[in-house]
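Visitor:
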Amino acid sequence: MDRKRVFSGIQPTGDFHVGSFVGALMNWVALQEGYETIYCVVDLHAMTVPYQAADLRAGRHESARMLLAVGVDPERSLLYYQSEVPQHVELSWILGTLAGLGQLERMTQFKEKSDRARQNLGIFAYPVLQAADILVHKAHAVPVGEDQAQHLELTRDLAQRFNTRFGDEFPLPETITPKIGARIMSLTDPTSKMSKSDPSDRSRILIKDSPDQIAKKVKAAVTDAGTGVDYDWETKPGISNLLELFSVLANRPIPELVSEYADSGYGVFKAAAAEAIADGLAPIREAYEGLDDAEVAEVMARGAATARDRAETAMKTVREKVGIV
Ligand code: AMP
Ligand code: TRP
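Per my numbering, the very first residue in the sequence shown carries number 1421; after that it's consecutive.
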C-alpha cells in the first residue's frame, strides 16, 4: 500500500526556538516513520516582510542545517528550498484565481503582520503560496503548530474549489498538531505564543541556546501567583507552559512531573525544567556543530532536483485541467 504523504514548510527567518521545535519539528522527525515526508525551507515566504538579502542567504543555509540536526533524514525525507522549485509559484497563481478577497482578508497572520504602511501583495498572497506548497505535492497531512490551522483551512477550501471546478485533483490535507505543545507560550508573557518576532530574547528558548542561557531564561520566566506546581492553564499559565516543555523534552508525562514537583517550590521546579530542556536539546546542538556546509548544500541541491521532477509531473495534469496546454 502506498504510504500517505506529509508536507510541511518552515520560514528561514532567525534561529528556531523550542516553540517551533515542539509544535512542528518534532512531528516532522517522528512522521518519517510510516509516511512519505517532504519538507521545505520556504524562503519565498520569508520575503513578505522587510529583510536584508544577506540575512536571508545565511538564514536559508542555517535553517537547512538545523533541520538536518533535529533529525530530518535526507535518506527518508525530501528536503529542499522552495525557491528552487518554481512550480510552487506557478500553482500559487492558479490557486490565487480561486481565492476570495474576503477570506484572505480574514487571515489572522495577515492581519497581525500587516500594518497598512507595509502591506504588500506578497503578504496578502502568502497563504495561497502556502496552499500551493502543500497541493503541488498532493499531500494528505501537514504537521504544524496550532497557529497554522486557519491557513490549512484555506488550503482545503482552495483544493475543494479546484476539484469542483476542474475535476478531482487534490486530496484535502489534514492538519497534524501535537497533543502537548501545539502552542508553546512566551516565557515573558504566558498569554501570548512564543514567537521569533518578539523583541525580547528572554521570551524564547532557542534550540541553539547553551544550558547556561536556558537556565537563565527559565529562571527569569514569568510564573504565577501561589507556590504550587500544577497543570492548569487558567490559574497557572506560566507553570503549565514550563510543564509542557519539560514533559515533551524529557519524555515524561505531565501528571508524573506534577506529583514530583507539586510542593517543591518554583525555584526547584524551574531548575529541573531548565536542565531537562537543555538535556533534550543537547544532541541537536552537537549534531548542528558537526555538519559541514558542503554536505548541507549537497543535500539541498539533490532535494530540489527531485522535488522539481515531482512538481513538474503534478503540474502537467493541472495545466491540462485548467486549459493551458
Ligand atoms: P515559525 O517559527 O513561526 O516560522 O513557525 C514554524 C512552525 O512552528 C509552524 O508550524 C508553527 O505553527 C510552529 N510554531 C511556531 N511557534 C510556535 C509556538 N509558540 N508553539 C507551537 N508551535 C509553534
Ligand atoms: N506559514 C508557515 C509558518 O509560518 C510556513 C509554511 C509555508 C508552511 N508553507 C507551508 C507550513 C506549507 C506548512 C505547509 O510556519
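Think of the CB as a built atom: it goes at the ideal place given N, C-alpha and C, for glycine as much as any other residue.
1) Any idea what DSSP makes of residue 1430, helix, strand or coil?
2) Just verifying my parser: in three-state terms, what is the DSSP assignment at residue 1591?
3) Which whole-angstrom value describes the C-beta separation of residue 1697 and residue 1649, a residue pair presumed to lie in contact below a C-beta threshold of 8 Å?
4) What is the DSSP secondary structure of residue 1605, counted as helix, strand or coil?
5) Pull up the DSSP beta-bridge partners for residue 1459, would you.
6) Buried or exposed for residue 1487, going by 16 or more other Cβ atoms inside 10 Å?
7) In the DSSP assignment, the alpha helix (DSSP H) including residue 1490 goes from what residue to what residue?
8) Buried or exposed: where does residue 1600 fall if 16 or more other Cβ atoms within 10 Å of its Cβ makes it buried?
9) Closer than 5 Å from C-beta to any heavy atom of ligand 1: which residues, in chain order?
10) Helix, strand or coil for residue 1571? Go by DSSP, reduced to three states.
11) Go through its chain and collect everything with a Cβ distance to residue 1642's Cβ below 8 Å, but skip five positions before and after it.
12) From what residue to what residue does the beta strand (DSSP E) around residue 1562 run?
13) Just how far apart, CA to CA, sit residue 1584 and residue 1713?
14) Relative to ligand 2, is the shortest distance from any of its heavy atoms to the C-beta of residue 1550 smaller than 7 Å?
15) Return the Cβ separation of residue 1505 and residue 1722 in integer angstroms, given the expectation that the two are a contact with Cβ distance under 8 Å.
16) DSSP on residue 1557, reduced to helix/strand/coil?
17) With burial defined as no fewer than 16 other Cβ atoms inside 10 Å of the residue's Cβ, what is the status of residue 1541: buried or exposed?
18) What is the DSSP secondary structure of residue 1531, reduced to helix, strand or coil?
19) Given 8 Å as the limit, is there contact between the segment 1616-1629 and the segment 1566-1577, that is, 3 or more CB pairs closer than that?
20) Write down the C-beta distance between residue 1430 and residue 1444 rounded to the nearest angstrom, noting that I regard them as a contact closer than 8 Å.
21) For ligand 2, any of its heavy atoms closer than 7 Å to the Cβ of residue 1483?
22) Three or more beta-carbon pairs under 8 Å between the segment 1457-1475 and the segment 1542-1549, yes or no?
Guide: According to the data block:
1) Three-state DSSP puts residue 1430 in a strand.
2) Coil, per DSSP.
3) In fact, because the Cβ distance is near 16 Å, the residues do not count as touching under 8 Å.
4) Secondary structure of residue 1605 (DSSP, three-state): strand.
5) Per DSSP, 1428 and 1499.
6) Buried: at least 16 other Cβ atoms inside 10 Å.
7) Membership of residue 1490 in the alpha helix (DSSP H) is indicated by the continuous run 1473-1490.
8) A residue is called buried when at least 16 other Cβ atoms come within 10 angstroms of its Cβ; residue 1600 does not meet this threshold and is exposed.
9) Put simply, the residues with a CB less than 5 Å from any heavy atom of ligand 1 are 1430, 1431, 1439, 1440, 1443, 1444, 1564, 1565, 1567, 1568, 1603, 1604, 1613 and 1614, in chain order.
10) Residue state, collapsed to three classes: helix.
11) Answer for residue 1642: 1607, 1608, 1609, 1610 and 1658, listed in chain order.
12) In the DSSP annotation of this structure, the continuous segment of the beta strand (DSSP E) that includes residue 1562 starts and ends at 1561-1563.
13) Using only the alpha carbons, I get a separation of about 46 Å.
14) Short note on residue 1550: C-beta closer than 7 Å to some heavy atom of ligand 2.
15) Actually they do not touch by this definition, with Cβ atoms about 13 Å apart.
16) Coil at residue 1557, not helix or strand.
17) Residue 1541 is exposed by the Cβ-count criterion.
18) Of the three classes helix, strand and coil, the one that applies to residue 1531 here is helix, per DSSP.
19) With contact defined as three or more Cβ pairs closer than 8 Å, the segment 1616-1629 and the segment 1566-1577 are not in contact.
20) That belief holds up - the Cβ atoms of residue 1430 and residue 1444 are roughly 7 Å apart, short of 8 Å.
21) Not so, every heavy atom of ligand 2 lies at least 7 Å from the Cβ.
22) Judged by Cβ distances under 8 Å, the segment 1457-1475 makes contact with the segment 1542-1549, as three or more pairs qualify.
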